[in-house]
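Below you'll find the structure, written out as structure tokens, and then a few comments.
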Amino acid sequence: MATGSGSGSEFIPHTPEDIAEMLATIGASSIDELFSDIPHEVLKRYKPLGLEPRSELEVVRELRKLAAENIDPTEFISFLGGGIYDHFIPAVVEHIISRSEFYTAYTPYQAEISQGTLTWMFEFQTMVCELTGMEVANSSMYDGATALAEAMFMASRVTGRRRFLIAESINPLYRQVLRTYAWAAELELIPIPYTERGQLDREALEEELTPSPSASAEVEVGGLLIQSPNFFGIIEDLEGLKERLGEAFLIVSANPISLGLLKPPGEFGADIVVGEGQALGNPPNFGGPLLGLFATREKYLRQMPGRVSGRTVDAEDKVGYVMALQTREQHIRRERATSNICTNEALCALAATVWLAALGKEGLRKLAELSLQKAHYLAERIGGLKGKGYKLKFSGPFFNEFVVRLPRGRKPSELLAALREAKILGGLDLSPYGLEDSILVAVTEKRTKGELDLLVKRLEAICCDGDDLRSESQRETGRHPP
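Residues 16 to 497 in the numbering used here are what the sequence shown spells out, letter by letter.
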């Protein structure tokens, strides 16, 4: 935008004269006086960064230099998991979501103008219901972690209870988000441990659900939050949980890819099913965007956060799509709103819709089978290295990832650094999560038998390389891997 003289930039529409006139109108003598009410403790957080002005060419050059410090996963064999997975994405997904009518994903406040957007949202909701075995789904949430936290909030609203049981086998980053939400809403979280099989400890659960002899009333629990497959890749036994919980909610976080094979949580009586939808047509990334899935029973529809697209007919009997439910504070009174979930995951949800449509039911089942079969092949091969000190941490059934316990004295960080030297992203270091000697290994349909065998070969070789697993360059400089 062109501006009057003295503005200093074509991107700043106000001239010094404009600014002076506005300040005079509101009775402020300067910009500093205008913002003088902001506490100093807040202002000091936002000190100038001291960045020098640069041309577009210089900025591009600097950003490329910074980007070059990252690892390009397309140049590595990736066994990373823990919530983000490297699945194949057909070219049709990128083609569709790049169309101009979809790429700007914001839904107008008169949403019915965007019939194309409302149509795919309706299809997305239908697919999520089919995957989870539930009756209604919303049109997406921010990510799997916040979807789980919003499910806890919803259960508290419906039951009027503030005490929730949290399986410790849930992704620890999800549990961190749950603690944040619970702190703000003054909810009580009770951790339930896992067994040596890596599954929920049913005896510990029973203790929390059973009132003590001195208690005069039944323990008021709002719900149980559980993940299956869980953080360790173990498939949880959901049978009988809802019957034991009674009016308390059974909330299940599921890997949507696994639902191509496994019995959906809805058939176990789950009240709410959530999940991370990144694996459905969205590439792995660090920091987002991700895609939250959320489905529940129809009787709880008005307590469900987010937006719901519905199909109807107009006065001429033509099918049309409408925004059937918007329980967001932008549209109704704040005290009646369920959440402030917005539209910014719409493009990710569209990618998931196209991806699922491209694969179809049989394609999804085949993809899930390949992931499971290849993961079990790799686990069997690594389990065969017992003589080298490697073993599987848990004995429970798993889907496409598993925990490997390393030989005694081996640090996960050093082993993974050695694998990176061989262009292998060997898995997730579990040391920050309490398993000091273990890594989490994930396998998708993209991994070939040769790549699986190569990982086993490298693990065997590393075990025999002596105690110092640092790369050659690190040994020369005396540095340790990050």
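Where is the CB? At the ideal position from N, CA and C, for every residue including glycine.
Being a predicted model, the structure only gives us computed values, none of them experimental.
Closest option to A182, judged by alpha-carbon separation, among E165, Q242, M136, N153: Q242.
The count of Cβ pairs closer than 8 angstroms, one atom from the region 273-283 and one from the region 293-306, stays below three, leaving the stretches out of contact. DSSP, read as helix, strand or coil, puts Y157 in coil. When rounded, the separation of the alpha-carbon atoms in K464 and K389 is 8 angstroms. The C-alpha of W370 is placed about 10 angstroms away from the C-alpha of I111. In this structure G442 does not touch G213 by the C-beta definition: roughly 16 angstroms separates them, more than the 8 angstroms allowed.
E313 sits away from V173, with the two beta carbons spaced by 9 angstroms or more.
Around the Cβ of W135, a 10 Å sphere holds 16 or more other Cβ atoms; the residue is buried. C-alpha of L387 to C-alpha of E460: approximately 8 angstroms in a straight line. Judged by pairs of C-beta atoms under 8 angstroms, the region 283-301 touches the region 258-269, as three or more such pairs exist. Judged by beta-carbon spacing, A310 lies beyond the 9 angstroms limit of G292, meaning their Cβ atoms are not closer than that value.
With respect to the 9 angstroms criterion, P427 and Y405 are not classified as neighbours on the basis of their beta carbons. In the displayed model, M167 falls within a helix according to three-state DSSP. Around the beta carbon of L253, a 10 Å sphere encloses 16 or more other beta carbons of the protein chains shown; the residue is thus reported as buried. S93 is bridged by DSSP to L440.
Remark: three or more beta-carbon pairs, one from each stretch, lie closer than 8 angstroms, so the region 191-200 and the region 156-165 are flagged as touching.
In terms of Cα proximity to I185, the closest of R177, L215, M169 is L215. With respect to L430, I397 sits apart: the two C-beta atoms are not nearer than 9 angstroms. In this structure M169 touches P320 by the C-beta definition: roughly 7 angstroms separates them, less than 8 angstroms. Taking the CA atoms as reference points, F417 sits about 36 angstroms from L316.
With a 10 Å radius around the Cβ and a threshold of 16 neighbouring Cβ atoms, F247 comes out buried. Here L295 is not near R259, since their CB atoms are 9 angstroms or more apart. The C-beta distance from P279 to L146 rounds to 7 angstroms, short enough to fall under 8 angstroms. Under a 10 Å Cβ-count criterion, Y118 is classified as exposed, with fewer than 16 other Cβ atoms of the shown protein chains found around its own Cβ.
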